[in-house]
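>
2 protein chains.
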Amino acid sequence: MVPRGRPRDTQVDERVLRIAAALLLERGYTGLSIDEVAEQAGVAKTTLYRRWPAKDHLAVAVVARLQADDEITDTGDIRADLVNYLEKIAAGLNRMRAAGHREGPSAGTVGELVAAAARHEDIGRLTRKQYAERNTLALALIEAARVRGELRADLDAEPLFDQLAGALYYRVMITGAPVDRAYVERLVSSALERNLTCP
Amino acid sequence: MVPRGRPRDTQVDERVLRIAAALLLERGYTGLSIDEVAEQAGVAKTTLYRRWPAKDHLAVAVVARLQADDEITDTGDIRADLVNYLEKIAAGLNRMRAAGHREGPSAGTVGELVAAAARHEDIGRLTRKQYAERNTLALALIEAARVRGELRADLDAEPLFDQLAGALYYRVMITGAPVDRAYVERLVSSALERNLTCP
DNA sequence: CCATTTACGAAACTGGAGTTGCGCAATTCA
DNA sequence: TGAATTGCGCAACTCCAGTTTCGTAAATGG
Chain A
412 MVPRGRPRDT QVDERVLRIA AALLLERGYT GLSIDEVAEQ AGVAKTTLYR RWPAKDHLAV
472 AVVARLQADD EITDTGDIRA DLVNYLEKIA AGLNRMRAAG HREGPSAGTV GELVAAAARH
532 EDIGRLTRKQ YAERNTLALA LIEAARVRGE LRADLDAEPL FDQLAGALYY RVMITGAPVD
592 RAYVERLVSS ALERNLTCP
Chain B
412 MVPRGRPRDT QVDERVLRIA AALLLERGYT GLSIDEVAEQ AGVAKTTLYR RWPAKDHLAV
472 AVVARLQADD EITDTGDIRA DLVNYLEKIA AGLNRMRAAG HREGPSAGTV GELVAAAARH
532 EDIGRLTRKQ YAERNTLALA LIEAARVRGE LRADLDAEPL FDQLAGALYY RVMITGAPVD
592 RAYVERLVSS ALERNLTCP
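Below, the structure written as structure tokens:
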């Protein structure tokens, strides 16, 4: 069925998301101003609010788009695959800067996004679903490694991935400690090497 | 040295913190309104702002007070000690409810607190210091267990505690999965039992 | 062509955090 | 006692995210 009234300007979505992403990454969550996005995109605020009912929705849409290319791959080497995937998550976390702290931690923006998901039930459902999918894929990766004998037969996969992903978020948001490649490898070693089957 | 002018009403701090804690736990971060706290405490807003320069500072002070009695103890049984301590952390995380979601996750408030710490450099310094202390104590606990032979000699303690604490925060904030006693025990088992020295 | 439907833009409005100015109260020091 | 200092309450103010209203534009269907 063909939609009735005046069609939406399809260029607006793309342009707004691009501008919003730039603002979010450069200046953090509070630096993402609806007025400024509207002005830079050359549209009225109402046009933005028709597409995203609140600033929170726009911000989440921006982040979802940035995360879209975080792929998980199974090469048969569980250690390398985990390091690779956790690196992508870490890179995503490190990309966001807090407003006025270009060198600083991305903690603020990540925290704001968590808060946004809690403020709006629809965002919460959406993001939880996305993270559930990610979780399912990661658990399948671990499970496959367990089945083919790379990991202990009685391994409990769920808390294992919670620990890996959680350690990254914990450092970024809570302790402010760096999350670089060296740490990711150390983390995977700590969590995994002693889970490997013994020769 | 004796302070000069009119002394502060010491009852105000106590009363405000109690009221603010009730509001924060019941209605979440956004439900914590400065105007409402001032009204319920029977003081003017300026009196609050003289003590806490922003709502963020007040909220952080409330949480710090709630966490003050999270003690870490070393009984010589590393597994029990970790379960015990992580239970306290989990209880603190579970106490906070998001505004309008009494049954819901505490994710929102925790996220707001993270964001608050990022917004103000002074809060960030303070909370990072507090978490660094907590981290030091936990690492000492693990280290002691390692030295006395409960844990593997070549254990890397830092990522281990990141994993344990991180898994709790990750579930509360990101996936929304429950964090109850059963999970904490499962988590410690997953992270620790295979770190124990072999007989 | 004309009624209907939906999109758009401009501007005014709302609500809450945070700020400021001012008069008064309480305390110290000379 | 009196000047200086600091706390308090009241009220008006700024600022900005978000909302609402209304007039206009672009499309469809009869």
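As they're listed, the protein sequences go chains A and B.
Read in our numbering, the first sequence has 608 at position 197, and its numbers run on one by one without any break.
Read in our numbering, the second sequence has 604 at position 193, and its numbers run on one by one without any break.
We put the CB at the ideal spot given by N, CA and C, even for glycine.
1. So, helix, strand or coil for Leu562 (chain A), using DSSP?
2. Please determine whether the Cβ atom of Gln541 (chain B) lies at a distance below 7 Å from any heavy atom of the ligand MG.
3. Would Pro570 (chain A) be called buried (16 or more neighbouring beta carbons within 10 Å of its own) or exposed?
4. Please state if the CB of Arg539 (chain A) and the CB of Asp467 (chain A) are separated by a distance shorter than 8 Å.
5. Any Cβ of chain A within less than 8 Å of the Cβ of Pro589 (chain B)?
6. Quick one, are the C-beta atoms of Leu436 (chain A) and Met507 (chain A) less than 8 Å apart?
7. Report the neighbours of Glu443 (chain A) on chain B: residues whose CB is nearer than 9 Å to its CB, in chain order.
8. Output needed for Ile483 (chain A): all residues of its chain with C-beta closer than 7 Å, excluding positions within five of it in sequence on either side, in chain order.
9. If you draw a straight line from the C-alpha of Ala568 (chain B) to the C-alpha of Ala452 (chain B), how long is it?
10. Using the rule of at least 16 other Cβ atoms within 10 Å of the residue's Cβ for burial, across every protein chain shown, is Asp446 (chain B) buried or exposed?
11. Starting from the N-terminal side, write out each stretch of the alpha helix (DSSP H) that is 4 residues or longer and does not extend beyond the region 447 to 518 of chain A.
12. Helix, strand or coil: how does DSSP classify Thr421 (chain B) here?
13. Have a look at Tyr360 (chain A) and Thr441 (chain B) and give me their C-alpha separation to the nearest angstrom.
14. What's the gap between the Cα of Leu524 (chain A) and the Cα of Tyr594 (chain A)?
15. Starting from Pro589 (chain A), trace the alpha helix (DSSP H) both ways and give me its first and last residue.
16. Run through DSSP, which three-state label would Thr441 (chain B) get?
17. By DSSP, does Pro570 (chain A) sit in helix, in strand, or in coil?
18. By the three-class DSSP mapping on this structure, what secondary structure does Met412 (chain B) have?
19. Quick one, which residues of the region 471 to 484 of chain B are near chain A if we go by CB-CB under 9 Å, in chain order?
20. Along chain B, in chain order, which residues have C-beta atoms closer than 7 Å to that of Tyr460 (chain A)?
21. Checking 8 Å against the spacing of the C-beta atoms, do Leu575 (chain B) and Leu504 (chain B) come in under that value?
22. Ala509 (chain B) CB to nearest chain A CB: under 8 Å?
23. Give a yes or no on whether 8 Å exceeds the smallest Cβ distance from Glu514 (chain B) to chain A.
24. With a cut-off of 8 Å, does the C-beta of Pro418 (chain A) fall near any C-beta of chain B?
25. With a 10 Å radius around its C-beta and 16 neighbouring C-beta atoms as the bar for buried, classify Arg592 (chain A) as buried or exposed.
26. Does the Cβ-Cβ distance between Ala528 (chain A) and Ala518 (chain B) come in under 8 Å?
27. For Glu425 (chain A), would you say it is in contact with chain B, using Cβ-to-Cβ distances shorter than 8 Å as the test?
28. Could you tell me which of A:Ala431, A:Asp480, A:Trp463 and A:Thr458 sits nearest to Val448 (chain A), measuring between CA atoms?
29. Going by the CB atoms, is the gap between Ala526 (chain A) and Gly522 (chain B) shorter than 8 Å?
30. Check the C-beta distance from Ile534 (chain A) over to Val471 (chain A) and give it rounded, since I have them as a contact under 8 Å.
31. In angstroms with no decimal places, state the Cα-to-Cα distance between Leu579 (chain B) and Met412 (chain A).
32. Taking all protein chains shown into account, decide if Ala491 (chain A) is buried (16 or more other Cβ within 10 angstroms of its Cβ) or exposed.
33. Buried or exposed for Thr486 (chain A), please, with buried defined as at least 16 other CB atoms from any protein chain shown within 10 angstroms of its CB.
34. For chain B, check one thing: does any of its Cβ atoms lie closer than 8 Å to the Cβ of Leu571 (chain A)?
35. Quick one, which residues of the region 518 to 535 of chain A are near chain B if we go by CB-CB under 9 Å, in chain order?
Inspection of the coordinates gives the following:
1. Assignment of Leu562 (chain A) by DSSP, reduced to helix, strand and coil, places it in the strand class.
2. For the structure depicted, the ligand MG is absent and the ligand set is empty, with no information on it obtainable.
3. By the 10 Å Cβ count, Pro570 (chain A) comes out buried.
4. Contact flag unset, no.
5. Chain A, which has no Cβ nearer than 8 Å to the Cβ of Pro589 (chain B), makes this no.
6. Their beta carbons are under 8 Å apart, which means Leu436 (chain A) touches Met507 (chain A) by this criterion.
7. Note that residue 443 (chain A) is Leu in the sequence shown here, rather than Glu. Within chain B, no residue comes near Leu443 (chain A); the closest Cβ sits about 13 Å away, beyond 9 Å.
8. Closer than 7 Å at Cβ, skipping near neighbours: Tyr496, Leu548, Ala549 and Leu552.
9. Rounded to whole angstroms, Ala568 (chain B) to Ala452 (chain B) spans 45 Å at the Cα level.
10. Burial check for Asp446 (chain B): the Cβ neighbour count within 10 Å stays below 16, so the residue is exposed.
11. Taking 4 residues as the shortest admissible run, the region 447 to 518 of chain A contains the following complete alpha helix (DSSP H) segments, listed from N- to C-terminal end: 456 to 462, 466 to 478 and 489 to 506.
12. In this structure, DSSP gives Thr421 (chain B) a helical state, which the three-state scheme calls helix.
13. Absent from the model: residue 360 (chain A). The displayed extent of chain A is 412 to 610, so no value can be given.
14. Each residue's CA atom was taken as its position, placing Leu524 (chain A) and Tyr594 (chain A) some 24 Å apart.
15. Segment: none, Pro589 (chain A) is in no alpha helix (DSSP H) and carries neither H nor E.
16. Residue state, collapsed to three classes: coil.
17. In this structure, Pro570 (chain A) counts as helix in the three-state DSSP scheme.
18. In the three-state reduction of the DSSP assignment, Met412 (chain B) falls in the coil class, being assigned neither a helical nor a strand state.
19. So nothing in the stretch comes that close.
20. Simply none; closest approach about 20 Å.
21. Against a cut-off of 8 Å, the Cβ pair of Leu504 (chain B) and Leu575 (chain B) comes out as no contact.
22. Because the pLDDT of Ala509 (chain B) is 45, which lies under 50, any placement of that residue in the model is unreliable, and the question is left without a value.
23. No answer about Glu514 (chain B) holds up, because its pLDDT of 39 lies below 50 and its placement is not dependable.
24. No, no contact with chain B.
25. Arg592 (chain A) is classed as exposed because its beta carbon has fewer than 16 other beta carbons within 10 Å across all chains shown.
26. Here Ala528 (chain A) is near Ala518 (chain B), since their CB atoms are less than 8 Å apart.
27. Residue-level contact by beta carbon fails for Glu425 (chain A) and chain B, as no gap is shorter than 8 Å.
28. Looking at the Cα atoms, A:Ala431 is the closest of the given residues.
29. It is a contact, given that the beta carbons lie within the stated cut-off.
30. At roughly 5 Å, the Cβ-Cβ gap stays under 8 Å, so Ile534 (chain A) and Val471 (chain A) are in contact.
31. Separation of Leu579 (chain B) and Met412 (chain A) (C-alpha to C-alpha, rounded to the nearest whole angstrom) is 48 Å.
32. In this structure Ala491 (chain A) is exposed. Its beta-carbon is surrounded by fewer than 16 other beta-carbon atoms within 10 angstroms.
33. Exposed, by the Cβ-count rule.
34. With its beta carbon less than 8 Å from one in chain B, Leu571 (chain A) belongs to the interface.
35. Here the close residues are Ala518, Gly519, Thr520, Val521, Gly522, Glu523, Leu524, Val525, Ala526, Ala527, Ala528, Ala529, Arg530, Glu532 and Gly535.
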